[in-house]
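Student:
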Amino acid sequence: MQSGEPQEPQIKPQQVAAGQWRADWLAWPYAPLVVNLAILLLCTVLTLVVYGAALGFAFTFDDPLDLPRAEGRSVWSLFSSSEGYAYYRPIPFVVWKIARTIQGHYSEAMLHGLTLICHILSAWLLALLLRRLTGTYWGVLAAILFITYPFSYQAVFGAHTLFHPLMTAALLLALLLYLAAREAETTAGRDALPLRAGLLYGAAFLATLVGLWTHETGVIILPLIGGLEILLSARDRLWRPQRMLLRVIPFAVAAIAFLLVWRAVPKFARPDPWSPASLLPNARYLLQGVIWPVAAELNRWGERFGVAPDRLLWPAIAITLLCFVGVYALGRRLWVPLVALGATAIILFPAWLVLTWGYLEDAPRLLYPAAPAIAALWGLLPSLRFSRQWATWSWRVVTLLLLGALFVQNLNFI
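In my numbering, the protein residues as written are 5 to 418.
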């Protein structure tokens, strides 16, 4: 062969073997199940490593106030009245009532374990949801960041805080089931609703009911479902407004019905009156939760440059969010920050709008439902691909190292 002639690329035997092994693995019908169970195991082990000590905790804070509220009351009374309490969240009280009926007493380990189980399920469901949305397994990183999101400690270490993890797990399950139903409906390729899609829509509706009657801010499921419907229609480039509306209407009916019941149930008025002066500090507080790795460094930067950290906060928020938009745009995944930040805004909107600053400043648990979206914003950074392969791999190495440092920072905080 002359030196000027093109040569055939040499395929090594080990490359052939690796390619065949990959093809065999992908062809195995149980491969997705095995991977999903492995992710669940990872979420379980990591949660127990980080929060497993809670299983040995005694009842603290509001536990002695909230847990006995289910005693001497029927399940119907828990749904029909708050007995003048400050909030109406019947499903967790029913869960506690059943647990006490079975065991004959309140078990610290069991009730803390219920909260940890919901935390594990939320992380797992987040990974599965991002797997379907992105087509990759990079969502596992988001699940890890969600598990170790530092401001979740107040929602995960307690027994009475079951409200937040249970609602979050229900909402993520509703979104995942809705997405699966949409895909089943699209795959069928006909106007009639296939049975599998109908069952999945029904399951998503039931998960929505659980979220609504677990915590009043569960009403955010309606705009989240609507946003997911718009995202999927845009992705599939199939705009059928009437069909889109029909899919969302049942969830709107559920949210409206809950709001009517919630309004009708008598509740104590909160002792601290709301005023518009809370809106700005509320926004500052919640946005710090979105850019938490950057916000954590502001004190050090302020000392170094002789500037008060408070003066650096708003510029840091603006610059960080703009960097997210710019980087994801370069990686041709602009939809990720738009969806993640949009979902975060929807989830945190009720707390920002109706709670007083005096209440919010001591309640990092209120960031918990938004933690999946915030974790996705950070955790999907390594998934970006650029036009040059060396740029893609360099980016992944750098971002994985940064997320590793962030993981350690989270553990130190917790």
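The C-beta atom is built at its ideal place from N, Cα and C for all residues, glycine as well.
#1: For Y55 and L180, what's the separation of their Cα atoms in angstroms?
#2: Quick check: the region 318-336 against the region 241-248, are there 3 or more CB pairs under 8 Å?
#3: So, A159 versus T165, is the Cβ gap smaller than 7 Å?
#4: Could you tell me which of L232, D66 and S85 sits nearest to K271, measuring between CA atoms?
#5: Just the Cα atoms here: how many angstroms apart are A21 and V39?
#6: Run the CB neighbour count on C47, radius 10 Å, all protein chains shown included, and call it buried at 16 or more, exposed below.
#7: How long is the line joining the alpha carbons of A287 and G346, rounded to whole angstroms?
#8: Taking the continuous alpha helix (DSSP H) assigned at E301, which residues delimit it?
#9: Mind checking whether A178 and L213 have CB atoms under 7 Å apart?
#10: Among the candidates V329, V53, P376 and R400, whose CA atom is the shortest distance from the CA of P386?
#11: Relative to the C-alpha of R135, which candidate in A268, I43, D70 and G362 has its C-alpha closest?
#12: Buried or exposed, going by whether 16 or more other CB atoms sit within 10 Å of the CB of S282?
#13: Going by beta-carbon coordinates alone, are P96 and F167 separated by less than 7 Å?
#14: Using three-state DSSP, classify H168 as helix, strand or coil.
#15: How should V412 be labelled, buried or exposed, when 16 other C-beta atoms within 10 angstroms of its C-beta is the threshold for buried?
#16: Do you know offhand how far S398's Cα is from R392's?
#17: With distances taken from CA atoms, which of M114, W318 and M171 is nearest L370?
#18: What do you reckon, are the CB atoms on L226 and F255 nearer than 7 Å?
#19: If I measure Cβ to Cβ from P10 and keep anything under 8 Å in the same chain, skipping five residues before and after, which residues do I get?
#20: Have a look at P36 and L132 and give me their C-alpha separation to the nearest angstrom.
#21: Which term fits W318, buried or exposed, when burial requires 16 or more other beta carbons within 10 angstroms of its beta carbon?
#22: For M5, count neighbouring C-beta atoms within 10 Å of its own C-beta (all shown protein chains included) and say buried if the count is 16 or more, exposed if not.
#23: Provide the residue span of the alpha helix (DSSP H) that contains P227, from first to last.
#24: By how many angstroms is the C-alpha of Y91 removed from the C-alpha of L69?
#25: Would you report the Cα separation of A113 and Y89, rounded to the nearest angstrom?
#26: Determine the closest residue to W142 out of F390, L381, L291 and L415, with distance taken between C-alpha atoms.
#27: Under the rule that 16 or more other beta-carbon atoms within 10 Å means buried, what is L428, buried or exposed?
#28: Tell me, please, whether the region 233-247 touches the region 206-220 by the rule of three or more beta-carbon pairs shorter than 8 Å.
#29: Of the residues F161, G231 and T348, which one's Cα is nearest the Cα of V53?
#30: Decide if the region 108-123 is in contact with the region 352-366; the criterion is three or more beta carbon pairs, one per stretch, under 8 Å apart.
#31: I'd like to check one pair, Y182 with A208: are the Cβ atoms closer than 7 Å?
#32: Which first and last residues belong to the alpha helix (DSSP H) in which W278 is found?
#33: May I ask whether a heavy atom of the ligand MN can be found less than 6 Å away from the beta carbon of A258?
#34: Just to confirm the assignment: which complete alpha helix (DSSP H) runs, minimum length 4, are found wholly within the region 146-218?
#35: Rounded to a whole number of angstroms, what is the C-alpha to C-alpha distance between Y205 and A185?
#36: Between which residues of its own chain and R389 is the CB-CB distance below 8 Å, once the five residues before and five after are set aside?
Tutor: Walking through what the data contain:
#1: In the sequence shown, the residue the question calls residue 55 occupies position 51. In the sequence shown, the residue the question calls residue 180 occupies position 176. Roughly 26 Å separates the two Cα atoms.
#2: no
#3: By 1-based counting over the sequence shown, the position of residue 159 is 155. By 1-based counting over the sequence shown, the position of residue 165 is 161. Yes, these two residues count as a Cβ contact at 7 Å.
#4: The count along the sequence shown starts at 1 and reaches residue 271 at position 267. Looking at the Cα atoms, S85 is the closest of the given residues.
#5: For this step, residue 21 is matched to residue 17 along the sequence shown. For this step, residue 39 is matched to residue 35 along the sequence shown. Bear in mind that a pLDDT of 47 at A21, under 50, signals an unreliable position, so the number given afterwards is only what the model happens to contain. Rounded to the nearest angstrom, the two C-alpha atoms are 21 Å apart.
#6: Counting from one through the sequence shown, the residue named residue 47 turns up at place 43. So C47 counts as buried.
#7: Position 283 of the sequence shown holds residue 287. Position 342 of the sequence shown holds residue 346. Looking at the two C-alpha atoms, the distance is approximately 15 Å.
#8: Position 297 of the sequence shown, counted from the start, is the residue given in the question as residue 301. E301 -> no alpha helix (DSSP H), and no H or E assigned at all.
#9: Looking up residue 178 in the sequence shown gives position 174. Looking up residue 213 in the sequence shown gives position 209. Contact: no.
#10: For this step, residue 386 is matched to residue 382 along the sequence shown. For P386, the nearest C-alpha among the options comes from R400.
#11: Residue 135 sits at position 131 when you count from the first residue of the sequence shown. Checking every option, the nearest Cα to that of R135 belongs to I43.
#12: Counting from 1 along the sequence shown, the entry for residue 282 is found at position 278. Buried: at least 16 other Cβ atoms inside 10 Å.
#13: Position 92 of the sequence shown holds residue 96. Position 163 of the sequence shown holds residue 167. Yes; because the gap between Cβ atoms is below 7 Å, this pair is in contact.
#14: Working through the sequence shown from its first residue, we reach residue 168 at position 164. Three-state DSSP puts H168 in a helix.
#15: The count along the sequence shown starts at 1 and reaches residue 412 at position 408. With fewer than 16 Cβ atoms within 10 Å of its Cβ, V412 is classed as exposed.
#16: Numbered from 1 along the sequence shown, position 394 holds the residue referred to as residue 398. Numbered from 1 along the sequence shown, position 388 holds the residue referred to as residue 392. Computed Cα separation, rounded: 10 Å.
#17: For the purposes of this step, residue 370 is identified with residue 366 of the sequence shown, where counting begins at 1. When only C-alpha atoms are compared, the closest one is M171.
#18: Mapped onto the sequence shown, residue 226 falls at position 222. Mapped onto the sequence shown, residue 255 falls at position 251. Yes, the Cβ-Cβ distance between L226 and F255 is below 7 Å.
#19: Taking the first residue of the sequence shown as position 1, residue 10 is located at position 6. Confidence at P10 is low in this model, with a pLDDT of 48, below 50, so the placement of that residue should be treated as unreliable; the coordinate-derived value is given next. For P10, where only same-chain residues beyond five positions count, there are no Cβ hits under 8 Å.
#20: Residue numbering aside, residue 36 sits at position 32 when the sequence shown is read from its first letter. Residue numbering aside, residue 132 sits at position 128 when the sequence shown is read from its first letter. Approximately 11 Å, taken between the alpha carbons.
#21: To locate residue 318, count along the sequence shown from 1; it is residue 314. Flag for W318 reads exposed.
#22: In the sequence shown, the residue the question calls residue 5 occupies position 1. Caution applies to M5, whose pLDDT of 44 falls short of 50 and renders its modelled position unreliable; the value that the coordinates give is listed next. M5 should be labelled exposed.
#23: Position 223 of the sequence shown, counting from 1, holds the residue named residue 227. Looking at the DSSP string, the run of the alpha helix (DSSP H) that includes P227 is I225 to D240.
#24: One-based indexing of the sequence shown puts residue 69 at position 65. One-based indexing of the sequence shown puts residue 91 at position 87. Distance between the alpha carbons of L69 and Y91 is about 13 Å.
#25: For the purposes of this step, residue 113 is taken as the residue at position 109 of the sequence shown. For the purposes of this step, residue 89 is taken as the residue at position 85 of the sequence shown. Going by the C-alpha atoms only, they are around 26 Å apart.
#26: Taking the first residue of the sequence shown as position 1, residue 142 is located at position 138. Comparing Cα-Cα distances from W142 to each of F390, L381, L291 and L415, the minimum goes to L381.
#27: Past the boundaries of the shown model lies residue 428; the chain is included only from 5 to 418, so the question cannot be answered.
#28: no
#29: Within the sequence shown, numbered from 1, the residue matching residue 53 stands at position 49. Among F161, G231 and T348, the Cα nearest to that of V53 belongs to F161.
#30: no
#31: Position 204 of the sequence shown holds residue 208. Position 178 of the sequence shown holds residue 182. A contact, by the Cβ cut-off of 7 Å.
#32: Here residue 278 corresponds to residue number 274 of the sequence shown, with the count starting at 1. Taken as a continuous stretch (DSSP letters only), W278 belongs to no alpha helix (DSSP H), as it is neither H nor E.
#33: This structure does not include the ligand MN; it has no bound ligands of any sort.
#34: 157-160, 167-192 and 199-216
#35: The residue labelled residue 205 in the question sits at position 201 within the sequence shown. The residue labelled residue 185 in the question sits at position 181 within the sequence shown. Their backbone Cα atoms lie some 6 Å apart in a straight line.
#36: Numbered from 1 along the sequence shown, position 385 holds the residue referred to as residue 389. So the qualifying residues of the chain are G335, R336 and T396.
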